[in-house]
Amino acid sequence: MMPPTLRFRRRLVQYGVAGAFILIPFLNREGVHLLSGNFLSFDFAGLPLADPLAAAQVFAGTFTLTPALLIGAGLALATALLLGPVFCSWICPYGLLSELVHARAAGALPRTQPGEMISPVSLAPAQADSPHLGCTHSKLNRCREAAENNPGEAAGGAAVPYSKERGRAFLRAPGALPLAVKTAVVCAGLAAVLAAAPVPLLNQLSMPGWYSRAVQHLALYGEILPGAALMLLAVPALEARTGKRFWCLYLCPQSVLLALAGMVSPKRLRVHFRRRSCTCRADDRACLGACSLGLNPRSDAARPEPLCSNCGDCVDVCRTRGRALSFTGHAGQLPVGKNDAALPQ
Amino acid sequence: MSPPFLRPPGVLSEKDFKARCISCGRCAQVCNYACIELTPDYFLFGGDTPKIFQNRSPCFLCMRCSAVCPTAALRDVAATDAGMGTAVLDRKRCVDYQTESGIMCWTCYERCPLKGTAIYLRNGYIPAVRAKDCAGCGVCEYVCPIDAIKVTPLRLLPPKDGEKRQ
Chain A
29 MMPPTLRFRR
39 RLVQYGVAGA
49 FILIPFLNRE
59 GVHLLSGNFL
69 SFDFAGLPLA
79 DPLAAAQVFA
89 GTFTLTPALL
99 IGAGLALATA
109 LLLGPVFCSW
119 ICPYGLLSEL
129 VHARAAGALP
139 RTQPGEMISP
149 VSLAPAQADS
159 PHLGCTHSKL
169 NRCREAAENN
179 PGEAAGGAAV
189 PYSKERGRAF
199 LRAPGALPLA
209 VKTAVVCAGL
219 AAVLAAAPVP
229 LLNQLSMPGW
239 YSRAVQHLAL
249 YGEILPGAAL
259 MLLAVPALEA
269 RTGKRFWCLY
279 LCPQSVLLAL
289 AGMVSPKRLR
299 VHFRRRSCTC
309 RADDRACLGA
319 CSLGLNPRSD
329 AARPEPLCSN
339 CGDCVDVCRT
349 RGRALSFTGH
359 AGQLPVGKND
369 AALPQ
Chain B
19 MSPPFLRPPG
29 VLSEKDFKAR
39 CISCGRCAQV
49 CNYACIELTP
59 DYFLFGGDTP
69 KIFQNRSPCF
79 LCMRCSAVCP
89 TAALRDVAAT
99 DAGMGTAVLD
109 RKRCVDYQTE
119 SGIMCWTCYE
129 RCPLKGTAIY
139 LRNGYIPAVR
149 AKDCAGCGVC
159 EYVCPIDAIK
169 VTPLRLLPPK
179 DGEKRQ
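In order, the protein sequence lines correspond to chains A and B.
Under the numbering used here, the first sequence has 211 at position 183, and the numbering climbs by one with no breaks.
Under the numbering used here, the second sequence has 77 at position 59, and the numbering climbs by one with no breaks.
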């Protein structure tokens, strides 16, 4: 029996967190204060947790930080330092909503299965000329041989030599532009707070913040918070229309500090691509299609992709193929599932 | 125009408060008396900062909100240092000051959480406000049957000597 997929486990956590943040304000209303707060600042039975960006804005506005904010933001950043921006894919309730909307919007798109042949007619001329066309999982050895001889093309991307170029590969990664845009938004918001803005403006762009604030309002006053209703309806509607998770990619300022913290350590938890193990054809873009953020899991970059939130969707897809994608971290390579301890090398 | 509101106890200046408040709502969640309302400051997206509308539900100085504030937008201080504002008693309206009425109301005095300190009985029978001791909780305004006492919020008070406040 196959162990539960990472996505299944992740969904359990995501639904659990989203449900907990519905329950907590109502428990608070009844006098139970073991857990309190929202996604901007939260108290977990005495342990403070805080949005690092909210703390940064308070610091920019007042040049002081309270111990609670310092510890709370520090814990969030330390988690990102070790595990990458896992908050986005495992915790954030808007991330869940956005993923569900994206999955629904992309539901009509065809998905390739292991061993499935794609008609050369449907391919672009450059892809149709690929020497690996027709290579399936049943021809594993041949594919591996081909991959060793011509690693770049076998992976479906340009060959990246092991040099300084590899170190800079993340600059050309699909996530580089979105991260630059988000960072610009954060810098503008912090500059505004430094200059004259009376309130921490960027908190108004926090979708998990709106989610939890909406429930707080409902529990405390029995009212719908108009701003939250607008944001939580309009943004997913736009994402459904465009078919892209543009808020998470280009606008969410909360994810910027987490992504930047994740860039500090090259050995943090990340998706690792073993080119030799890839058995997919050049045109089989299953793992690329699995990434709801549109990132490229088949990356040779020495540093982790900054925006990759380690959701594991690409690893899930690869489990039934060559198992070329897996998680690596400080502890070395991690098994994909409990039955996957012996990974093919 | 919205009715004048108070900030919860422990507030510093309005500018400092707004720079620090991150709308986590924990003050409202722990309030024993459900008197803290989270309403946007500017239209829809001004952040839900805590407000106390003393005409609807005043603060009873339980001080739980200021104890949990993670950003020190509300300082964790004693009830006597809440500093939310100052009550101003209109002697022309207060029946206790109308000697010919023969009424001794004393409602504000009896209900004041800092009874005897913030509101005391001058000459033993006329309620009066001692401004420097008043926490500005708004209970007196809430209970006064003839609206003879009003609380001026801290942000609308002129700065004291040597105090920098915006």
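Glycine is no exception: its CB is placed at the ideal position from the N, C-alpha and C atoms.
Because the structure is a prediction, the values reported are computed rather than measured.
Beta-carbon spacing of residue i, residue j below 7 Å
i, j, result
"A/Ser293", "B/Pro88", "no"
"A/Leu125", "A/Gly340", "no"
"B/Lys69", "B/Phe23", "yes"
"B/Thr67", "B/Cys42", "no"
"B/Asp44", "A/Ser64", "The amino acid at residue 44 of chain B is misidentified as Asp; the sequence shows Arg. A contact, by the Cβ cut-off of 7 Å."
"B/Thr170", "B/Thr104", "yes"
"B/Cys152", "B/Ala136", "yes"
"A/Ala101", "A/Ala78", "yes"
"B/Pro131", "B/Cys112", "no"
"A/Trp238", "A/Ala256", "yes"
Spatial distance of residue i from residue j (CA atoms)
i, j, result
"A/Val345", "A/Cys315", "6 Å"
"B/Tyr51", "A/Ala104", "33 Å"
"A/Leu230", "B/Pro176", "31 Å"
"B/Leu172", "A/Ile119", "40 Å"
"A/Leu75", "A/Thr107", "15 Å"
"A/Ala131", "A/Gly271", "9 Å"
"B/Cys158", "B/Val147", "10 Å"
"A/His165", "A/Leu353", "Model confidence at A/His165 stands at a pLDDT of 43, short of 50, so the residue's coordinates are unreliable and nothing is read from them."
"A/Arg298", "A/Gly322", "16 Å"
"B/Gln116", "B/Ala46", "40 Å"
"A/Pro95", "A/Ala83", "11 Å"
"A/Arg326", "A/Arg303", "8 Å"
"B/Gly28", "A/Met259", "32 Å"
"A/Ala134", "A/Pro264", "14 Å"
"A/Leu109", "A/Asn56", "32 Å"
"A/Leu51", "A/Leu248", "12 Å"
"A/Val213", "A/Cys276", "13 Å"
"A/Ser283", "A/Ala289", "10 Å"
Endpoints, the beta strand (DSSP E) within which residue i is located
i, result
"A/Phe355", "353 to 357"
"B/Gly103", "103 to 107"
"A/Arg298", "298 to 301"
"B/Arg140", "137 to 140"
"B/Thr57", "54 to 58"
"B/Ala146", "144 to 147"
Residue i - containing alpha helix (DSSP H), residue span
i, result
"A/His130", "121 to 133"
"A/Leu103", "95 to 111"
"B/Asp66", "That residue, B/Asp66, is in no alpha helix (DSSP H); its beta strand (DSSP E) goes 66 to 70."
"B/Val86", "82 to 86"
"A/Gly290", "282 to 292"
"B/Tyr160", "157 to 161"
"A/Asp344", "341 to 347"
Residue i (DSSP reduced to helix, strand or coil)
i, result
"B/Val95", "coil"
"A/Pro76", "strand"
"A/Pro206", "helix"
"B/Pro26", "coil"
"A/Gly237", "helix"
"A/Glu251", "coil"
"B/Lys168", "strand"
"A/Ser64", "strand"
"B/Ile40", "coil"
"A/Ile50", "helix"
"A/Pro228", "coil"
"B/Ser75", "coil"
"B/Lys133", "strand"
"A/Glu311", "The amino acid occupying residue 311 of chain A in the given sequence is Asp; Glu does not appear at that position. Three-state result, A/Asp311: coil."
"A/His160", "The predicted position of A/His160 is uncertain, since its pLDDT is 43 and thus under 50; no value can be drawn from it."
"B/Ser31", "coil"
"A/Phe91", "coil"
"A/Ser117", "helix"
"A/Ser69", "strand"
"A/Asp328", "coil"
"A/Pro264", "helix"
Proximal chain A residues relative to residue i, where beta-carbon distance stays under 8 Å
i, result
"B/Val48", "Asn56, His61, Ser64"
Per-residue contacts from residue i into chain A (C-beta, under 9 Å)
i, result
"B/Leu56", "Arg241, Gln244, His245, Leu248, Tyr249, Leu253"
Contacts of residue i in chain A (Cβ-Cβ under 7 Å)
i, result
"B/Ile150", "Note on identity: in this sequence residue 150 of chain B is Lys, with Ile being the wrong assignment. Near B/Lys150 there are no residues of chain A at all, since even the closest Cβ is about 27 Å away, more than 7 Å."
"B/Thr89", "Val86, Thr94, Leu97"
8 Å Cβ cut-off: residues of chain B touching residue i
i, result
"A/Gly89", "Ala37, Arg38"
"A/Gln282", "None at all; the shortest Cβ gap to chain B is about 12 Å."
Distance cut-off 6 Å: residue i Cβ against heavy atoms of the ligand NAP
i, result
"A/Arg38", "Among the components of this structure there are no ligands whatsoever, and the ligand NAP is therefore not found."
Residue i: contacting residues in chain B (beta-carbon distance under 7 Å)
i, result
"A/Val343", "Correct list: empty, because the minimum Cβ distance to chain B is about 35 Å."
"A/Pro121", "Those do not exist, as A/Pro121 stays about 16 Å from chain B at its closest Cβ, beyond 7 Å."
"A/Ala82", "Ile40"
"A/Leu68", "Ile40, Ser41, Cys42"
Interfacial residues, the region 97 to 111 of chain A to chain E, with Cβ spacing under 8 Å: The chain inventory of the structure shown lacks chain E, comprising the protein chains A and B.
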